[in-house]
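Protein sequence lines correspond, in order, to chains A and B. Numbering-wise (the UniProt record's numbering), the first sequence opens with residue 1 and increments by one. Numbering-wise (the UniProt record's numbering), the second sequence opens with residue 1 and increments by one.
Number of protein chains: 2
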Amino acid sequence: MAELDATLAALADPTRRKVIDVLREGPRPAGELAQAVRMSPPALSRHLRVLRAGGLVQAESGGADARLRLYTLRQEPFTALQAWLDQVQAFWTEQLGSFKDHVERTRKDPT
Amino acid sequence: MAELDATLAALADPTRRKVIDVLREGPRPAGELAQAVRMSPPALSRHLRVLRAGGLVQAESGGADARLRLYTLRQEPFTALQAWLDQVQAFWTEQLGSFKDHVERTRKDPT
DNA sequence: CACATCATTAACGTTACTGTTAATATTTGC
DNA sequence: GCAAATATTAACAGTAACGTTAATGATGTG
Chain A
1 MAELDATLAA LADPTRRKVI DVLREGPRPA GELAQAVRMS PPALSRHLRV
51 LRAGGLVQAE SGGADARLRL YTLRQEPFTA LQAWLDQVQA FWTEQLGSFK
101 DHVERTRKDP T
Chain B
1 MAELDATLAA LADPTRRKVI DVLREGPRPA GELAQAVRMS PPALSRHLRV
51 LRAGGLVQAE SGGADARLRL YTLRQEPFTA LQAWLDQVQA FWTEQLGSFK
101 DHVERTRKDP T
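(1) Using DSSP with H/G/I as helix, E/B as strand and the rest coil, what is A59 (chain B)?
(2) Please report the straight-line C-alpha distance between T15 (chain A) and E94 (chain A), rounded to a whole angstrom.
(3) So if I threshold CB-CB distances at 9 Å, which residues from the stretch 80-94 of chain A count as touching chain B?
(4) Is the distance from the Cβ of L44 (chain A) to the Cβ of A34 (chain A) below 8 Å?
(5) Could you tell me whether any Cβ in chain B is nearer than 8 Å to the Cβ of P41 (chain A)?
(6) Consult DSSP for L44 (chain B) and reduce its assignment to one of helix, strand or coil.
(7) Leaving aside the five residues before and after E76 (chain A) along the sequence, list all residues of the same chain whose C-beta is less than 7 Å from its C-beta, in chain order.
(8) If you run the structure through DSSP and keep just helix, strand and coil, what is L51 (chain B)?
(9) For R24 (chain A) and chain B, any beta-carbon pair shorter than 8 Å?
(10) Considering only residues of the same chain and omitting the five flanking positions on each side of R46 (chain B), which have a CB-CB separation below 8 Å?
(11) Report yes if the C-beta distance between G31 (chain B) and P41 (chain B) is below 8 Å; otherwise report no.
(12) Whole angstroms are fine: how far does the CA of F91 (chain B) sit from the CA of V50 (chain B)?
(13) Quick check: the Cα distance between L81 (chain B) and L4 (chain B), rounded to an integer number of angstroms?
(14) Please classify R38 (chain B) as buried or exposed, where buried requires at least 16 neighbouring CB atoms within 10 angstroms.
(15) In this structure, does DSSP put L68 (chain A) in helix, strand or coil?
(16) Can you pull the chain A neighbours of Q75 (chain B), defined as C-beta to C-beta under 7 Å?
(17) Could you tell me whether the Cβ atoms of A53 (chain B) and R69 (chain B) are closer together than 8 Å?
(18) Among A:I20, A:A64, A:A66 and A:W84, which residue has its Cα nearest to the Cα of L48 (chain A)?
(19) Alpha helix (DSSP H) containing D86 (chain A): first to last residue?
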């Protein structure tokens, strides 16, 4: 659940989602991502740190030019989020909704 | 895309996700939700406003006691978010990743 | 080695969010 | 009508997030 928090906190920012959308087309170095979102390199660097902290992206430093840090998408957090969404969707798929409601609302004291 | 922003901004807060988890078990009045997350009614009321703004919950005021506002989950934003996640997941399902990367990284100037 | 390049961190100011208590409807019950 | 109950908004303080410019680290180039 703590992992979901980092994931959603990372996805909550439009700039970071834009970065993800760009990375969908392939790995990119930090500078190129900064250009893509029209933001100063320092600002984007911090966004990338948030994305790294959430495990949504990964920095590959093993290229011809060691200065370039190529960023790539990581699948795990997205899959975990989908799993949580599937649980929420169960609210509607289980069409016992009204029955469950009755049961829940009938209980005495939810200490 | 602006809708996704409101959705993810709403989900980014742990308290609001907790509210959603509680609502998965059935509709609840605002006060009961405040108790469930151990927070003052005013604080939770504002969280509920964020959830309403994102369309994640809905307030049904049509009960026996008109003072109680029963909150219920709304499906649409969750479905929309899943759709976006599916698009991101396409990054891995299309195993042309490395090829696409090559094509993209070969372009000259993406003005 | 001197200098440019890529990326990150540091410092600064601004803005937005969060929670609490107090005040404001709206409704219920006597 | 008056007091209690439910929910929201208002006002306040504290914290965290965001973006910019300047400084630091690390790597490549002449």
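From the three backbone atoms N, C-alpha and C, an ideal C-beta is built for every residue, glycine too.
Let's see:
(1) Locating residue 59 (chain B) in the second sequence gives position 59, where the first residue counts as 1. In the three-state reduction of the DSSP assignment, A59 (chain B) falls in the strand class, which pools E and B.
(2) Taking the first residue of the first sequence as 1, we reach residue 15 (chain A) at position 15. Taking the first residue of the first sequence as 1, we reach residue 94 (chain A) at position 94. Between T15 (chain A) and E94 (chain A), the C-alpha separation is close to 36 Å.
(3) L81, Q82, W84, L85, D86, Q87, V88, Q89, A90, F91 and W92
(4) Walking along the first sequence from the start, residue 44 (chain A) turns up at place 44. Walking along the first sequence from the start, residue 34 (chain A) turns up at place 34. Against a cut-off of 8 Å, the Cβ pair of A34 (chain A) and L44 (chain A) comes out as a contact.
(5) In the first sequence, residue 41 (chain A) corresponds to position 41, counting from 1. With 8 Å as the cut-off, P41 (chain A) does not count as an interface residue toward chain B.
(6) Residue numbering aside, residue 44 (chain B) sits at position 44 when the second sequence is read from its first letter. Looking at L44 (chain B) - three-state DSSP - the assignment turns out to be helix.
(7) Indexing the first sequence from 1 puts residue 76 (chain A) at position 76. Closer than 7 Å at the Cβ level, and outside the excluded window around E76 (chain A), lie G55.
(8) Walking along the second sequence from the start, residue 51 (chain B) turns up at place 51. L51 (chain B): helix per DSSP, three-state reduction.
(9) For this step, residue 24 (chain A) is matched to residue 24 along the first sequence. Interface residue, yes.
(10) Position 46 of the second sequence, counted from the first residue, corresponds to residue 46 (chain B). Here the set comprises nothing.
(11) Residue numbering aside, residue 31 (chain B) sits at position 31 when the second sequence is read from its first letter. Residue numbering aside, residue 41 (chain B) sits at position 41 when the second sequence is read from its first letter. By the CB criterion at 8 Å, G31 (chain B) and P41 (chain B) fall inside the cutoff.
(12) One-based indexing of the second sequence puts residue 50 (chain B) at position 50. One-based indexing of the second sequence puts residue 91 (chain B) at position 91. C-alpha separation (whole angstroms): 31 Å.
(13) Along the second sequence, read from residue 1 onward, the residue named residue 81 (chain B) stands at position 81. Along the second sequence, read from residue 1 onward, the residue named residue 4 (chain B) stands at position 4. L81 (chain B) and L4 (chain B) have their C-alpha atoms spaced approximately 7 Å apart.
(14) Against the second sequence, residue 38 (chain B) aligns to sequence position 38. Per the 10 Å Cβ criterion, exposed.
(15) For this step, residue 68 (chain A) is matched to residue 68 along the first sequence. Here L68 (chain A) sits in coil by DSSP.
(16) Working through the second sequence from its first residue, we reach residue 75 (chain B) at position 75. Q75 (chain B) reaches chain A at W92, counting residues in chain order whose Cβ is nearer than 7 Å.
(17) Within the second sequence, the letter at position 53 stands for residue 53 (chain B). Within the second sequence, the letter at position 69 stands for residue 69 (chain B). No, the pair does not count as a contact, with Cβ atoms beyond the cut-off.
(18) On the first sequence, residue 48 (chain A) is found 48 positions in, with the first residue counted as 1. Among A:I20, A:A64, A:A66 and A:W84, the Cα nearest to that of L48 (chain A) belongs to A:I20.
(19) Numbered from 1 along the first sequence, position 86 holds the residue referred to as residue 86 (chain A). E76 to T93 is the span of the alpha helix (DSSP H), which, as asked, contains D86 (chain A).
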